[in-house]
Every structure is written in structure tokens, then in C-alpha cells.
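Colleague:
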Amino acid sequence: MRLTRYFLPVLKEDPKEAQIVSHRLMLRAGMIRQQAAGIYSWLPLGYKVLRRIEQIVHEEQQRVGHIPLLMPTLQSADLWRESGRYDDYGEEMLRIRDRHKRDLLYGPTNEEMITDIFRSHIGSYKDLPLTLYHIQWKFRDEIRPRFGVMRGREFLMKDGYNFDLTKEDALHAYNRHLVSYLRTYERMGLQAIPMRADGGPIGGDHTHEFLVLAETGESEVYYDSEITDLKFGNRQIDHDSHAECQAVMEEFTSRYARTDETHDEALFQQLPEERRRVARGIEVGQIFYFGTKYSEPMGATVVAPDGSRVPVHMGSHGIGVSRLLGAIIEASHDERGIIWPEGVTPFHVGIVNLKQGDNSTDSACEALYAELRAQGLDPLYDDRDERAGAKFATMDLIGLPWRITVGPRGLANNKVELTNRRSGETEELPPSDAVARIAAIYQPVLKAG
Ligand SMILES: Nc1ncnc2c1ncn2[C@@H]1O[C@H](COP(=O)(O)OP(=O)(O)O)[C@@H](O)[C@H]1O
Ligand SMILES: [Mg+2]
477 MRLTRYFLPV LKEDPKEAQI VSHRLMLRAG MIRQQAAGIY SWLPLGYKVL RRIEQIVHEE
537 QQRVGHIPLL MPTLQSADLW RESGRYDDYG EEMLRIRDRH KRDLLYGPTN EEMITDIFRS
597 HIGSYKDLPL TLYHIQWKFR DEIRPRFGVM RGREFLMKDG YNFDLTKEDA LHAYNRHLVS
657 YLRTYERMGL QAIPMRADGG PIGGDHTHEF LVLAETGESE VYYDSEITDL KFGNRQIDHD
717 SHAECQAVME EFTSRYARTD ETHDEALFQQ LPEERRRVAR GIEVGQIFYF GTKYSEPMGA
777 TVVAPDGSRV PVHMGSHGIG VSRLLGAIIE ASHDERGIIW PEGVTPFHVG IVNLKQGDNS
837 TDSACEALYA ELRAQGLDPL YDDRDERAGA KFATMDLIGL PWRITVGPRG LANNKVELTN
897 RRSGETEELP PSDAVARIAA IYQPVLKAG
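If you want it as C-alpha cells, here you go:
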């Protein structure tokens with residue numbers, strides 16, 4: 477993309493309405509625009525990151541065998557009357573009436589609808605296990621939408637639902653989700669710690685929230701410092717193996733890590749003092765086993781091997797796709813702007829032409845642009861007729877992890893500058909070497925899917 481042809485409405489001033497850094501930077505970098513309280517347009521740069529995050533979520537879901545589908549945003553109230561949640565859900569549910577006076581709602585989640593799909597088409601244990609998921613907009617009429625996309629009213633979520641014959645199988649699905657979530661977040665450059673969460677009215681131990689540590693997080697968290705040393709990395713896990721998934725679950729959840737809702741001070745005090753940490757975190761996902769809570773009232777049953785009809789064991793598993801943009805920025809920025817991890821950056825590398833209109837720099841930039849694209853990379857070329865300082869400020873604000881700077885003096889020696897956004901380190905090297913370096917840096921990212 478050439479910046480002169482792009483739509484990147486960056487703001488010079490700090491927007492007054494933004495209370496936290498990610499919201500401020502997303503507005504300043506021209507990524508989002510608020511259209512109503514908690515409802516945003518995704519401008520091109522924000523939309524690009526949103527799509528990259530969505531893509532990683534899809535790849536990691538499908539890696540472990542989960543199957544994508546797409547359910548609508550609008551749902552019939554009748555389905556929710558069957559589960560009893562139409563009345564229970566309260567004010568957060570946006571209720572709508574159509575011209576035939578039928579009650580609809582804008583889905584805050586999809587347990588009822590997926591259960592309806594399941595019961596309509598599946599009747600035998602032979603079709604299990606099954607996990608279906610989608611990435612779809614949700615609406616929750618939050619009383620206090622705030623912090624930009626972090627707590628919106630309309631937001632994008634991955635929600636997945638497992639259907640299993642037995643509790644044991646459903647707990648394997650739970651563990652498998654944990655495995656896939658660990659990898660998903662790491663690909664986005666995030667450490668998201670699974671913490672024991674509150675099962676709510678259904679109770680039970682089987683729910684974990686994934687938290688990214690950040691001062692601006694809405695949850696108070698308590699954890700054993702050893703947990704932040706854990707890394708999933710590039711392990712090859714057989715997602716069908718109960719034992720392998722269970723081992724990962726144990727490794728990542730045996731140490732103390734809880735949100736304020738489940739915190740147990742006496743247990744926490746048993747940790748050596750130097751390992752006790754109290755901090756704040758952003759919830760970027762949650763996994764949940766809830767048994768037959770929906771399958772029983774809604775009649776989602778299968779014929780078991782012994783011929784009897786039994787309700788299926790289910791769980792639901794969410795990732796806050798749009799919230800993740802805010803969480804990543806909270807975890808990765810400096811005073812000049814965003815610092816995107818390579819896995820989610822909207823453009824892989826920025827090209828800054830220090831002397832627009834000069835034959836040598838223009839053609840060197842064009843050549844770099846073409847060669848980077850030929851490597852399967854997505855560069856952003858700042859071809860505006862602007863001062864160097866303004867170009868650097870824009871690149872720093874929008875946070876591309878790498879920048880190639882092209883000026884007449886360097887070019888005279890066949891050199892350009894390659895700058896790392898995070899460390900600020902700059903290296904002079906021939907243009908072809910810069911392309912090779914960038915290609916090598918992104919090779920694991922491009923291959924990861
Ligand atoms: N209002 C919101 N705005 C943006 N993301 C949200 C919002 N509510 C929930 N999410 C994201 O969706 C994920 C799954 O939702 P869920 O666990 O049902 O939400 P909650 O725990 O807030 O009830 C959460 O982990 C969070 O990342
Ligand atoms: Mg949650």
C-alpha cells in the first residue's frame with residue numbers, strides 16, 4: 477500500500493474521551509471511529525489488524541479440529557424462552573421487535589442457537605465428538621461501555637461449543653481448548669495466563685479465564701510469579717490425545733492464579749512471599765464446561781452405544797477478538813505509539829522515502845516495495861511529500877515493527893537503514909539485504925498458519 481492512496485486519518489491531538497492508552501492510540505492512529513456509545517467503525521488500519529487476529533483464531537481453532545460455521549446476529553426470542561434465559565439475561569440483552577410483532581434479540585452469545593442446530597441434525601453418539609465455532613458480532617447493552625473496543629456494546633467474539641457423549645470427553649474438549657488458546661495468544665505476541673474463574677450460578681471448577689497482565693485491566697488478579705515463565709512455544713500436541721492435552725492443562729493451571737472472584741487469601745499466603753503477585757489483568761478469553769445445562773431443557777440428545785437416549789455434555793469457549801486489539805496495545809506500546817508484534821501487525825514493514833521526488837530515492841523505494849511484495853510481504857510505503865520527522869512520527873504511531881529508511885546520502889553507498897520499532901536499533905545495509913532480513917524475520921509468521 478502507498479500511503480498517498482490509503483485512508484489513514486491519524487489525529488494530531490490526544491482525544492479527550494480516551495482514558496486508557498490503547499483507546500487513545502487506536503483513535504490517534506486512525507484505527508476506529510466511535511459511532512455511538514460502545515459501537516465502532518473499523519477504519520482500514522484497525523480493520524486490517526482485526527482481520528489478522530481473526531485469521532490466527534481461525535487457524536488455531538481448525539488446527540485442533542474445530543469446525544467453523546456462521547450463525548446470524550439476530551436471534552428469535554423463542555429459542556431463549558426454551559432455555560429460560562430470555563427473562564434471566566436482563567438489561568444487557570438488546571431486544572428487538574419486527575414488523576410482525578415477533579420478538580427478536582441481538583445475540584449476546586449463542587448457546588441456545590447452536591444447541592438448536594445440533595438437536596435438529598444430530599442424533600447418534602457416532603457423530604460425536606463435535607466442536608463448532610464461529611466468529612460473529614455480539615451485542616451486550618453494557619451499562620458503562622468504556623475503554624474503546626475493550627468494553628464495547630457491539631464486539632467481535634469467537635465462540636465455540638463442544639458436544640460430547642460423556643463428561644470425560646467434554647473435559648478433554650475443555651483441555652483441548654486451553655491448548656489451542658495458549659498457542660493462539662502466543663502467536664499474537666501475548667502472554668495470556670489461564671486463571672481459575674467463577675463458574676457463576678452453575679458452579680463447578682471447570683472454567684478458566686485467560687488474562688493479559690496490564691495496569692489498566694478491569695480484573696484484579698493474584699498469581700504465583702513462576703507462572704509467567706511458562707511458554708507454550710511451538711509444541712506439537714496430538715489434540716485427540718486426552719493425556720497430552722491433560723498434561724498441558726496441568727502444567728499451566730497447577731500454580732496459583734486466580735481472579736478476585738475466586739481468590740482464596742489463605743491458599744495464596746501459602747506461597748513463598750517473593751512469588752506472590754497481585755496485579756491487574758484484561759480478560760481476553762474464557763473456557764467453560766457446563767454439562768447438560770442447555771442440552772437437557774432443549775432436548776439435545778443422542779442415542780448412546782447401549783441404545784438409550786442421553787443429553788450431550790457441552791461447553792462454551794470464547795475469545796474476545798475485538799478486545800484483543802486493545803489488550804495487545806496495552807501490553808505493547810511506548811510514548812511514541814503502538815508497537816505491533818510481528819504476528820498481528822497491519823503492515824509488515826514501513827518504507828520511508830526521505831526525499832520524495834528525487835529520482836534515486838523514488839526508484840529505490842519502488843524497487844524495495846516490489847521486492848518485499850514478491851516475498852509475500854505487505855509493506856506500507858510512505859510516499860507523501862512530507863518532512864522526515866512527520867513520516868517517522870506516523871510510522872512510530874501506527875507501530876509497524878520494522879522500518880526501512882531510504883535517503884540520498886545512504887543510497888550513494890548503496891545503503892538503506894533498517895530500524896526496529898521496539899528497540900530503536902538501526903542498521904545500515906544494502907537494499908537487497910534489507911529485503912532478505914525482513915523476509916527471514918517474517919518467515920515463521922507467514923508459515924505459522
Ligand atoms: N463488552 C465487551 N467488549 C469487548 N469484548 C468483550 C465484551 N464482553 C466480553 N468480551 C470478550 O469476549 C470473551 C468471552 O465473553 P464472556 O466470557 O461471555 O464475557 P464476560 O466474561 O464479560 O461475561 C471475554 O473473555 C472477553 O474477552
Ligand atoms: Mg468471561
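For the working numbering, add 476 to where a residue sits in the sequence shown, where the first one is 1.
Don't be surprised by glycine CBs; every beta carbon is placed ideally from N, CA and C.
Remember, it's a predicted structure, so these values are computed and weren't measured experimentally.
#1: Do the region 533-549 and the region 748-764 make contact, defined as three or more Cβ pairs closer than 8 Å?
#2: Between A513 and G506, what straight-line distance do the alpha-carbon atoms span, to the nearest angstrom?
#3: State the CB to CB distance for the pair A807 and T735, rounded to an integer number of angstroms; the pair is presumed to be in contact (CB under 8 Å).
#4: For F623, count neighbouring Cβ atoms within 10 angstroms of its own Cβ and tell me buried if that reaches 16, exposed if not.
#5: Write down every uninterrupted run of the alpha helix (DSSP H) in the region 524-568 whose length is 4 residues or greater and which is fully enclosed by it, in chain order.
#6: What does the Cβ neighbour count give for F483, buried or exposed, with the cut at 16 atoms within 10 Å?
#7: Around the Cβ of N431, are there at least 16 other Cβ atoms within 10 angstroms (buried) or fewer (exposed)?
#8: Considering only residues of the region 789-857, which uninterrupted alpha helix (DSSP H) runs meet the minimum length of 4 residues and lie entirely inside it, listed in chain order?
#9: Using the Cα positions of L487 and P817, report the straight-line distance between them to the nearest angstrom.
#10: Check the C-beta distance from G802 over to M626 and give it rounded, since I have them as a contact under 8 Å.
#11: Can you check whether the CB of L894 is closer than 8 Å to the CB of R913?
#12: Would you list, in sequence order, the uninterrupted alpha helix (DSSP H) runs of no fewer than 4 residues that lie entirely inside the region 576-663?
#13: Could you spell out where the beta strand (DSSP E) holding V786 opens and where it closes?
#14: Cβ-heavy atom distance between Q551 and ligand 2 below 7 Å?
#15: Flag this pair as yes or no: are the beta carbons of L905 and V825 separated by less than 8 Å?
#16: Quick one: Cα of Q762 to Cα of I814, how far?
#17: Confirm, please, whether the CB-CB distance from Y765 to G791 is below 8 Å.
#18: I'd like the span of the alpha helix (DSSP H) that includes Q712, first residue to last.
#19: Take D635 as the anchor and find which of M589, R663, V828, T902 has the nearest alpha-carbon.
#20: Write down the C-beta distance between V533 and T660 rounded to the nearest angstrom, noting that I regard them as a contact closer than 8 Å.
#21: Can you grab the Cα-Cα spacing for the pair G675 / T683, in whole Å?
#22: How would the residue list near ligand 2 read, in chain order, if you kept each one whose beta-carbon is closer than 6 Å to any heavy atom?
#23: What are the partner residues of M671, as DSSP defines its beta bridges?
#24: Is Y516 helix, strand or coil when you go by DSSP?
#25: Grab me the residues of T729's own chain with a C-beta within less than 6 Å of its C-beta, minus the 5 sequence neighbours each way, in chain order.
#26: Are the CB atoms of V497 and I874 nearer to each other than 8 Å?
#27: Which partner residues does H896 have in the DSSP bridge list?
#28: With distance defined between alpha-carbon atoms, name the residue in M633, E691, A869 nearest to Y609.
#29: Report yes if the C-beta distance between P773 and F823 is below 8 Å; otherwise report no.
#30: Of the choices E696, A723, H715, whose alpha-carbon is the least far from that of D740?
#31: Considering only the alpha carbon of each residue, which of L545, E536, E535, D574 lies closest to A553?
#32: Cβ of S695 versus every heavy atom of ligand 1: is any distance shorter than 7 Å?
#33: Between which residues of its own chain and I593 is the CB-CB distance below 6 Å, once the five residues before and five after are set aside?
#34: Is F766 near ligand 1, judged by its Cβ being under 7 Å from some heavy atom?
Modeller: So, from the listed chains and residues:
#1: no
#2: For this step, residue 513 is matched to residue 37 along the sequence shown. For this step, residue 506 is matched to residue 30 along the sequence shown. Answer to the nearest angstrom: the Cα atoms are 18 Å apart.
#3: As a first step, residue 807 must be located in the sequence shown, where it is residue number 331. As a first step, residue 735 must be located in the sequence shown, where it is residue number 259. Not a contact, Cβ separation roughly 18 Å.
#4: By 1-based counting over the sequence shown, the position of residue 623 is 147. Its Cβ being crowded by 16 or more others within 10 Å, F623 is buried.
#5: 553-559, 561-564
#6: Residue 483 sits at position 7 when you count from the first residue of the sequence shown. Label assigned to F483: exposed.
#7: Residue coverage of the chain in this structure runs from 477 to 925, which leaves residue 431 outside it and unanswerable.
#8: 797-807, 835-850, all fully within the region 789-857.
#9: Here residue 487 refers to the residue found at position 11 when the sequence shown is read from its first residue. Here residue 817 refers to the residue found at position 341 when the sequence shown is read from its first residue. When rounded, the distance between both Cα atoms is 23 Å.
#10: If you number the sequence shown from 1, residue 802 lands on position 326. If you number the sequence shown from 1, residue 626 lands on position 150. Between G802 and M626, the beta carbon gap of about 4 Å places them in contact (Cβ cut-off 8 Å).
#11: Here residue 913 refers to the residue found at position 437 of the sequence shown. Here residue 894 refers to the residue found at position 418 of the sequence shown. In contact: R913 and L894 (Cβ atoms closer than 8 Å).
#12: 587-597, 643-663
#13: Residue numbering aside, residue 786 sits at position 310 when the sequence shown is read from its first letter. Where V786 is concerned, the enclosing beta strand (DSSP E) stretches over 785-787.
#14: Taking the sequence shown and counting its residues from 1, one reaches residue 551 at position 75. Outside the cutoff, so no.
#15: Locating residue 905 in the sequence shown gives position 429, counting from the first residue. Locating residue 825 in the sequence shown gives position 349, counting from the first residue. Against a cut-off of 8 Å, the Cβ pair of V825 and L905 comes out as no contact.
#16: Stepping through the sequence shown from its first residue, residue 762 is reached at position 286. Stepping through the sequence shown from its first residue, residue 814 is reached at position 338. In this model, Q762 and I814 are separated by some 26 Å (Cα to Cα).
#17: By one-based count along the sequence shown, residue 791 stands at place 315. By one-based count along the sequence shown, residue 765 stands at place 289. Contact flag set, yes.
#18: Indexing the sequence shown from 1 puts residue 712 at position 236. Counting along the chain, Q712 falls outside any alpha helix (DSSP H), and DSSP gives it neither H nor E.
#19: Within the sequence shown, residue 635 is the residue found at index 159, counting from 1. In terms of CA proximity to D635, M589 leads the group M589, R663, V828, T902.
#20: Translated into positions along the sequence shown, residue 533 becomes position 57. Translated into positions along the sequence shown, residue 660 becomes position 184. So it is a contact: roughly 6 Å between Cβ atoms.
#21: Here residue 675 refers to the residue found at position 199 of the sequence shown. Here residue 683 refers to the residue found at position 207 of the sequence shown. Distance between the alpha carbons of G675 and T683 is about 6 Å.
#22: Here the list is E685, E759, Q762.
#23: Within the sequence shown, numbered from 1, the residue matching residue 671 stands at position 195. In the DSSP output, where bridge partners are listed per residue, M671 has E685.
#24: Position 40 of the sequence shown holds residue 516. If DSSP states are grouped into helix, strand and coil, Y516 belongs with the strands.
#25: Counting from one through the sequence shown, the residue named residue 729 turns up at place 253. Closer than 6 Å at Cβ, skipping near neighbours: P670.
#26: Position 21 of the sequence shown, counting from 1, holds the residue named residue 497. Position 398 of the sequence shown, counting from 1, holds the residue named residue 874. No, the pair does not count as a contact, with Cβ atoms beyond the cut-off.
#27: Mapped onto the sequence shown, residue 896 falls at position 420. Before going further, note that residue 896 is Asn rather than His in the sequence given. Looking at the DSSP output, N896 shares a beta bridge with W878.
#28: Taking the sequence shown and counting its residues from 1, the one referred to as residue 609 is at position 133. Nearest C-alpha to Y609: M633.
#29: As a working mapping, residue 773 is identified with position 297 in the sequence shown. As a working mapping, residue 823 is identified with position 347 in the sequence shown. Contact flag unset, no.
#30: Within the sequence shown, numbered from 1, the residue matching residue 740 stands at position 264. When only C-alpha atoms are compared, the closest one is E696.
#31: On the sequence shown, residue 553 is found 77 positions in, with the first residue counted as 1. By alpha-carbon distance to A553, the top candidate from L545, E536, E535, D574 is D574.
#32: Here the question's residue 695 lines up with position 219 in the sequence shown. No - ligand 1 has no heavy atom lying nearer than 7 Å to the Cβ of S695.
#33: As a working note, residue 593 is residue 117 in the sequence shown. Closer than 6 Å at Cβ, skipping near neighbours: no residue.
#34: The sequence position of residue 766 within the sequence shown is 290, counting from 1. No.
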